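Chemist: I'd like to ask some things about the structure below.
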Amino acid sequence: EPAFTYAIIRRESAFVVDARSPVGATGLMQLMPATARSVARQLRVPYQGTHNLLSSDLNIRLGTGYLGQMLKNLDDQPALAAAAYNAGPHRVQNWRPEQTMEAVRWVETIPFTETREYVTNVLTYTVIYQHKLENSYTRLADRLPPVTPRGGSSSARLADIDENKNS
Numbered sequence: 458e459p460a461f462t463y464a465i466i467r468r469e470s471a472f473v474v475d476a477r478s479p480v481g482a483t484g485l486m487q488l489m490p491a492t493a494r495s496v497a498r499q500l501r502v503p504y505q506g507t508h509n510l511l512s513s514d515l516n517i518r519l520g521t522g523y524l525g526q527m528l529k530n531l532d533d534q535p536a537l538a539a540a541a542y543n544a545g546p547h548r549v550q551n552w553r554p555e556q557t558m559e560a561v562r563w564v565e566t567i568p569f570t571e572t573r574e575y576v577t578n579v580l581t582y583t584v585i586y587q588h589k590l591e592n593s594y595t596r597l598a599d600r601l602p603p604v605t606p607r608g609g610s611s612s613a614r615l616a617d618i619d620e621n622k623n624s
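Note that the sequence shown ends on residue 624 in my numbering; no numbers are left out.
In structure tokens:
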């Protein structure tokens with residue numbers, strides 16, 4: 458969804474094309490080199506190093522590829538995907554509740570203040586960008602399905618992503 462992608466970009470880099478974080482994340486979607494390399498390999502996209510992440514087109518292609526993986530592997534749940542984009546999918550899997558809970562409530566249980574604020578900002582920006590792009594919006598409560606318990610099929614998929622990310 459374009460509004461969700463814009464929200465991630467807004468939070469990650471404030472649309473600064475050549476943004477670089479102290480830990481090495483680069484470009485609009487603030488991709489780490491290992492993540493970019495892994496996603497490029499999966500998408501069969503040429504990738505010749507970190508300097509390529511300053512290309513907006515490549516950065517967005519790899520960033521949305523990674524974000525798409527997070528959505529797919531986390532039950533198409535935007536709150537979980539945003540948290541995984543920020544803190545890593547393995548952490549989000551560990552943060553899933555023992556029982557199904559409302560997504561807004563789950564966000565409040567995220568143990569990292571930075572990630573909790575990140576998810577809140579991304580979800581807010583998503584509504585704003587949806588309104589700007591479509592002149593309408595979906596209420597946040599309607600956008601967020603309940604967060605389901607940890608375990609299940611998404612655990613194995615996320616373990617594979619973490620393994621690829623670190624290789």
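Just so you know, even glycine gets a beta-carbon here, dropped at the ideal spot from N, CA and C. Just so it is clear, the structure is predicted and the values come from calculations on it, not from any experiment.
(1) Taking 8 Å as the threshold, find out whether the segment 506-515 comes into contact with the segment 476-492 through three or more Cβ pairs.
(2) Which of helix, strand or coil does DSSP assign to Arg467?
(3) At which residues does the alpha helix (DSSP H) containing Gly522 begin and terminate?
(4) I'd like to confirm the pairing. Which residues does DSSP put opposite Leu488 in its beta bridges?
(5) Comparing alpha-carbon positions, which option in Gly520, Arg518, Gly545, Arg477 lies nearest Thr572?
(6) Apart from the five residues just before and just after Ala659, which ones in its own chain have a Cβ nearer than 7 Å to its Cβ?
(7) Quick check: does the Cβ of Val549 come within less than 6 Å of any heavy atom belonging to the ligand NAD?
(8) Touch check for the segment 460-474 and the segment 567-582: three-plus C-beta pairs under 8 Å?
(9) With a cut-off of 8 Å, do at least 3 Cβ pairs link the segment 510-523 to the segment 552-566?
(10) Quick one: what's got a C-beta closer than 8 Å to Val473's C-beta in the same chain, skipping five residues either side?
(11) Do you know how far the Cα of Pro503 is from the Cα of Ser513?
(12) Given that a residue counts as buried once 16 or more other Cβ atoms are within 10 Å of its Cβ, and exposed if not, what is Val564?
(13) Between the Cα of Val576 and the Cα atoms of Pro603, Ala536, Gly608, which residue gives the shortest distance?
Modeler: A quick look at the data gives this:
(1) Enough Cβ pairs lie closer than 8 Å, so yes.
(2) Assigned with DSSP and collapsed to three states, Arg467 falls in helix.
(3) Gly522 -> alpha helix (DSSP H) spans 513-530.
(4) Bridge partners of Leu488 according to DSSP: Thr483.
(5) Gly545 is the residue among Gly520, Arg518, Gly545, Arg477 whose C-alpha sits nearest the C-alpha of Thr572.
(6) Missing from the structure shown is residue 659; the chain here goes from 458 to 624 and no further.
(7) Among the ligands in the structure shown, none appear at all, so the ligand NAD cannot be discussed.
(8) Yes, since at least three Cβ pairs between the segment 460-474 and the segment 567-582 fall closer than 8 Å, the two stretches touch.
(9) Touching, no.
(10) Result list for Val473: Leu485, in chain order.
(11) Each residue's CA atom was taken as its position, placing Ser513 and Pro503 some 14 Å apart.
(12) Buried.
(13) The candidate whose alpha carbon is nearest that of Val576 is Ala536.
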